[in-house]
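Numbering-wise, our numbering puts 730 at position 727 of the sequence shown, and it's gapless, one number per residue. Here a beta-carbon is modelled for each residue, glycine too, at the ideal position from N, C-alpha and C. One structure is given here, and the rest of the page talks about it.
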Amino acid sequence: EITERAAADDARRASLEVSLRELRDRKLRLAERAERLARQRDELDAHAGDVAALVAAEAELAGAQEKLEASRAELAQSESARAAAAGAAAEAFAIFQAAQSVMTRLEAEEQALAQVLEAGDSDKRWPPLIDSLSVEPGYETALGAALGDDLSAPLEEQAPAHWRTLEPFPSPIALPGGTKPLSGFVKGSRALMRRLSQIGVVDSEEDGRRLAETLSQGQRLVSRGGGLWRWDGLTIRAGTATASAKRLEQLNRLKDVRVKLEDARRNAEMTESGSAQARAAMEQAEAAERCAREALRAADAAYAEARDSQADLKEKMAGLASKLSAHQETADAIKADQAETGAQEKEAANGLISLPDTEIARREIAKLRGEMAELRSLQLERQSAHDNLARAAEQRRRRLDDIARELETWRQRSDGAAERMDQLAERSQKANQELARLSTRPAEIAEQRDALLTKVEAAQESRKEAAGRLAEAENRLAEAQQKLRAAELDASTSREQRVRAEGAVEQGKQAVESLAERIVEKLDCNPEELAEIAELKEGAEWPEMEAVERRVERLQIERETMGPVNLRAEQEISELNEQVETLTTERDDLIKAIGKLRLGIAELNREGRQRLLASFKEVDQHFQDLFVRLFGGGRAHLTLTDSDDPLDAGLEIMASPPGKRLQVLSLLSGGEQALTALALLFGVFLTNPAPICVLDEVDAPLDDANVDRFCSLLSEMADTGRTRFLVVTHHHMTMARMDRLFGVTMAERGVSQLVSVDLAQAEELRAVG
4 EITERAAADD ARRASLEVSL RELRDRKLRL AERAERLARQ RDELDAHAGD
54 VAALVAAEAE LAGAQEKLEA SRAELAQSES ARAAAAGAAA EAFAIFQAAQ
104 SVMTRLEAEE QALAQVLEAG DSDKRWPPLI DSLSVEPGYE TALGAALGDD
154 LSAPLEEQAP AHWRTLEPFP SPIALPGGTK PLSGFVKGSR ALMRRLSQIG
204 VVDSEEDGRR LAETLSQGQR LVSRGGGLWR WDGLTIRAGT ATASAKRLEQ
254 LNRLKDVRVK LEDARRNAEM TESGSAQARA AMEQAEAAER CAREALRAAD
304 AAYAEARDSQ ADLKEKMAGL ASKLSAHQET ADAIKADQAE TGAQEKEAAN
354 GLISLPDTEI ARREIAKLRG EMAELRSLQL ERQSAHDNLA RAAEQRRRRL
404 DDIARELETW RQRSDGAAER MDQLAERSQK ANQELARLST RPAEIAEQRD
454 ALLTKVEAAQ ESRKEAAGRL AEAENRLAEA QQKLRAAELD ASTSREQRVR
504 AEGAVEQGKQ AVESLAERIV EKLDCNPEEL AEIAELKEGA EWPEMEAVER
554 RVERLQIERE TMGPVNLRAE QEISELNEQV ETLTTERDDL IKAIGKLRLG
604 IAELNREGRQ RLLASFKEVD QHFQDLFVRL FGGGRAHLTL TDSDDPLDAG
654 LEIMASPPGK RLQVLSLLSG GEQALTALAL LFGVFLTNPA PICVLDEVDA
704 PLDDANVDRF CSLLSEMADT GRTRFLVVTH HHMTMARMDR LFGVTMAERG
754 VSQLVSVDLA QAEELRAVG
């Protein structure tokens, strides 16, 4: 309630301040309107008798109208051309952005794959054989399972371990089951032909287990999933990861990415050129539109000026008194508005002064919030204990229900098995009786078969005679039906033509009657009198229908546009001009504010990028140094991904522990991930230290050596004095390196007690003792 009351007071205060500013602005605008109205009245008094140039003004108005219509038509064409060019430019730019995004993604993937493959090369002098192989997609895992680490040996004979190219076996032993050799799916080196010709590829795990027993000495079977069966009994299950298979997949992916990258680069160049051309065309269309708009604005101004002059000169003498009266009414209305605005301003000022001070309510709110936070903490603690007990009870209840359901299921299965045994015994007895009954049926069936064969032969002869007669009758029937369809088609066509002709005649009659009614309604004459009204002589050439229709439409529009005479037109146009000026001023203010806001946003983004890049470089440098210290070697770095703009980019952690290649954080082991994360965390604290850091079980996946490195680094960070560390741990080495220990002990059953030990003070007491 206090918060709502304070918020209401603040809102009331803000509303009154805004109302006060608006009322003051309104007073200024009313004063300006009064001044403008006085000047206009003076001008009317000065030009009351000036009507000599009326004829010249009418001629000037007709010329200005013709120019205005021509300028509007030209502007409409320019706007259509500009809209089409803008649409084409936007579409071309979207295509270019899509092509650029594809190219950037492929470049990043190609660079990452190249770095991963390069990091995996142990000796640059002798490239491994695996880099020169070309494997059909899907068979990388099979080749990796078949050869394993042998693929890392080079072809150069100078290397300590290498492959020699030997001629294929003249008569190799055939693979079992007609399996295809793995050499048919691998290309790039003849040195593997002997080995691969004795390795067969099976389609499934069942085929591999079945054919493994028939392998000859030296032969192997592999599956596409990575399963291996060797002639001596060694078996490797499918799905076992191998470094060779992974490297082969990366090589195939790298080749595919490079091909796609070339296509993407060419596509990006083409789309960029198309986007530039579309942008140039759009700029030309915009320039043409600006020229047309300027011409229209000038023609419109000239037309408006001529129209205003002609209207002033035509109606000045007749409407002078009316205008003066209207000006007087407007002046009275302005005075009334000024008085009302002054009263409202005074009322808003008094209301603003009478509002209470909200600082007292804020202090009371802060106090109540502190008390509420303590009560919420106590409530959460007790609610957590209650929820734990409820969950334990629910788990025990569900376990009892599961046991009861299992007992009922086994009881039902036992009853069903007994009933099934009885049914099988009964079916066995019935089957024996049926077998005895059917033992005499073969002889009976043979006699019936002979009799049926005789009847079938006689029936076939009768069928042949009847088929001949039926064919002749069907031929005659088909000829008669064909003649009947032709006659029906002719009759249907004739009926349709007659109905169509009758409909056209009836429609023509209705059109003539409707046209005659329209002529009588609009022109009040018979159709025969139209030629005389239109002044068309008999035998003369008629004018074009489109020109006549356009002239009629233009005359009708002009007639409707003229409307009735409005004696308050001058006052209304003055009010509209004032509204237009006010809106124009507000629009200019909004445009200026938008420009300032955009400049501010751009400045914030620029400064944000600079600060982010500076902080990123500093954190990256600390991260690299701390990674080397925690791992005793290796290398690591941070990289921005997914966008060229640092504000929209993602973050990827690349790490290479000693003896391993550079890879992303998710591919490391649990302990390596923990140490890498600690290096990044401490790097952030070195860049921007916080007063307190809580570490919860961060040493759980670490061995003793890594725990010692972690504790040494933690002690150095704590000695700086800028950050105090609170470590939650169960590791004895970590607890031994801390300054103070906090724990919970149970001196007696059901009673927990918090224990605190200052190790530094304990060492002093021990030294004194």
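For residue i, the nearest candidate out of the options (CA to CA)
i	options	result
Q68	D722, S186 and L299	L299
C714	D592, N691, L681 and A693	L681
T732	V189, F745, R601 and M720	F745
L178	W232, T748 and S759	W232
R365	G187, A9 and A490	A9
V697	A721, G674, D711 and G611	A721
T65	K263, A302, Q415 and T217	Here the sequence assigns Ala to residue 65, which means Thr is not the residue at that position. Comparing Cα-Cα distances from A65 to each of K263, A302, Q415 and T217, the minimum goes to A302.
E655	R488, L668 and D647	L668
G230	R212, T217 and S219	R212
E77	V710, E292 and Q513	E292
S186	E516, G203, R472 and F619	G203
Close-in-space but distant-in-sequence residues of the same chain around residue i (CB under 7 Å, 5 per side omitted)
i	result
R261	E113
V189	L136, V138, L146, L195 and L199
R29	T344
Residues that residue i bridges to, as DSSP identifies them
i	result
R743	D761
P660	Answer by DSSP bridge pairing: none, since P660 is not bridged.
Q756	T748
F728	C696
E655	T642
Q666	A658
T144	Answer is none; T144 lacks a bridge partner.
W232	L224 and T238
G637	The partner list for G637 (beta bridge, DSSP) is empty, contrary to what the question assumes.
I202	R223
K190	S137
P184	G203
Burial state of residue i (16 or more Cβ within 10 Å)
i	result
S125	Since pLDDT at S125 reaches only 47, below the 50 mark, its modelled position is unreliable, and no value is offered.
T723	exposed
P660	buried
V583	exposed
V205	buried
L650	exposed
G52	With a pLDDT of 48 at G52, under the threshold of 50, the modelled position of that residue is not reliable, and no figure is offered here.
R408	exposed
A351	buried
Q201	buried
T588	exposed
R479	exposed
N691	exposed
S646	exposed
D702	buried
S276	exposed
G123	Model confidence at G123 stands at a pLDDT of 49, short of 50, so the residue's coordinates are unreliable; what they give is reported in the following sentence. Burial call: buried.
Close-in-space but distant-in-sequence residues of the same chain around residue i (CB under 6 Å, 5 per side omitted)
i	result
A88	A284, M285 and A288
L683	F626
V760	L744
L23	A351
L403	none
G653	T644 and D645
Residues near residue i by beta carbon distance below 8 Å, same chain, minus five either side
i	result
I536	L526 and C528
Q756	V747, T748, M749 and A750
I522	C528, N529, P530 and L533
D623	H640, L641 and G686
I337	L33, R36, A37 and L40
The ligand HEM heavy atom lying under 7 Å from the CB of residue i
i	result
E94	For the structure depicted, the ligand HEM is absent and the ligand set is empty, with no information on it obtainable.
Discussion item. Pairs of beta-carbons, one from the segment 89–107 and one from the segment 266–277, closer than 8 Å: are there three or more?
Written reply: yes
Worksheet item: Looking at C-beta atoms only, is the number of pairs between the segment 14–33 and the segment 379–386 that lie closer than 8 Å three or more?
Response: no
Worksheet item: Is there contact between the segment 596–604 and the segment 667–685, where contact requires at least three CB pairs shorter than 8 Å?
Response: no
Discussion item. Closer than 8 Å is the cut-off here; do at least three beta carbon pairs connect the segment 732–742 with the segment 660–671?
Written reply: no
Practice prompt. Give a yes or no on contact between the segment 170–187 and the segment 207–226, applying the rule of three or more CB pairs nearer than 8 Å.
Written response: yes
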